[in-house]
């Protein structure tokens, strides 16, 4: 923790003065922090339990007793400025204290406060589960089955993995944990990992201490399709092809992995790029919808095209699509965000 530098006062906080916290437990510490367009910040763990919030009336961010001021009589009230989450999930924030930054205990009263007035500083709150993999749809029942395949990318150390099952409306249904050996894998049916699921459909969130590779498998009869998991959500989600008509069908699943309502514009384009139809959705936090293109756009007159999903204002989504032919096989692909330029 490096203190904000002034011309006459420059210093570094020692651990005994201000503490960084790594939340306890390999997976109890997994969380995500969000800031909406109005500056409100919410943090929750993967079981959706709140671990912190920003009071918009006072600008004070409350970390639910996980981040505390240290010092003799010098409690800290944090007024949070900019907040960001790095690729490993650590929260970095710029804050300002409403009291002296720290106190020197044992000195004369006029010397106790080492720095007077409000000061800025940069802090980091470490993420306990560094990697996330979204599997935005499962279907177990009604002739369908779903399996999951995960492999530890590390060839050096075992990796703890936690698979969280959530319902279509975002209700937390349960979790399965396993430690994978270096380059080891887990392959199993959803019905085996979660034998008591109250709903046949839902979605999976996988968190781990090290990178994972993984995909979800869908089966019906003798047909099987595999779709790779998504390590991130995207503001713009693209389904580059659908085929709906005759003996063909296409289904899509769209997930809102965030803690805020996501108002979406869903558009269908023809092969020449013309807009064929559009609709609006409002996905609640952690809600997922899966449906056929023919149900999403019942008025389509063209059998083939593409679909683009974008937020009205703020938010990101995860998705996949599955293609099938009546009496034939099925296949699936992950929805993608905009292509990034390579340098």
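In our numbering, the protein residues as written are 115 to 457.
Beta carbons: idealized from backbone N, C-alpha and C, even for Gly.
Residue state for residue 306 is assigned as helix, using DSSP reduced to three classes. In this structure, the CA atom of residue 286 is about 14 Å from the CA atom of residue 370. In this structure, residue 377 lies away from residue 452, with their beta-carbon atoms at least 8 Å apart. Contact annotation: residue 412 and residue 374 have beta-carbon atoms that are not nearer than 8 Å.
Residue 409: not part of any beta strand (DSSP E); member of the alpha helix (DSSP H) spanning 407-410, first to last residue. Taking the Cα of residue 343 as reference, the smallest distance to any Cα among 247, 443, 445, 449 is reached at 247.
The shortest C-alpha to C-alpha distance from residue 387 to any of 311, 307, 418 is the one to 418. Judged by DSSP secondary structure, residue 313 falls outside any beta strand (DSSP E); it is assigned neither H nor E.
In this structure, residue 298 lies near residue 266, with their beta-carbon atoms less than 8 Å apart. In summary, residue 339 is buried, with 16 or more beta-carbon neighbours lying within 10 Å of its beta-carbon over all protein chains present. When secondary structure is reduced to three states using DSSP, residue 375 falls in the coil class, being assigned neither helix nor strand.
Non-local C-beta neighbours of residue 302 in its own chain, meaning closer than 8 Å and more than five positions away in sequence, comprise 261, 262, ordered along the chain. Residue 275 is bridged by DSSP to 292, 322.
With the rule of 3 Cβ pairs closer than 8 Å, the segment 353-369 counts as touching the segment 431-439. A residue is called buried when at least 16 other Cβ atoms come within 10 angstroms of its Cβ; residue 407 meets this threshold and is buried. DSSP, reduced to helix, strand and coil, places residue 245 within a strand of the structure shown. Judged by DSSP secondary structure, residue 349 falls outside any beta strand (DSSP E); it is assigned neither H nor E. Counting only residues of its own chain and dropping the five nearest sequence neighbours on each side, residue 270 has a CB closer than 8 Å to the CB of 296. Shown here for residue 354: same chain residues with a beta carbon closer than 6 Å to its own, the five before and five after excluded, namely 420 in chain order. Under DSSP, the beta-bridge partners assigned to residue 253 are 315.
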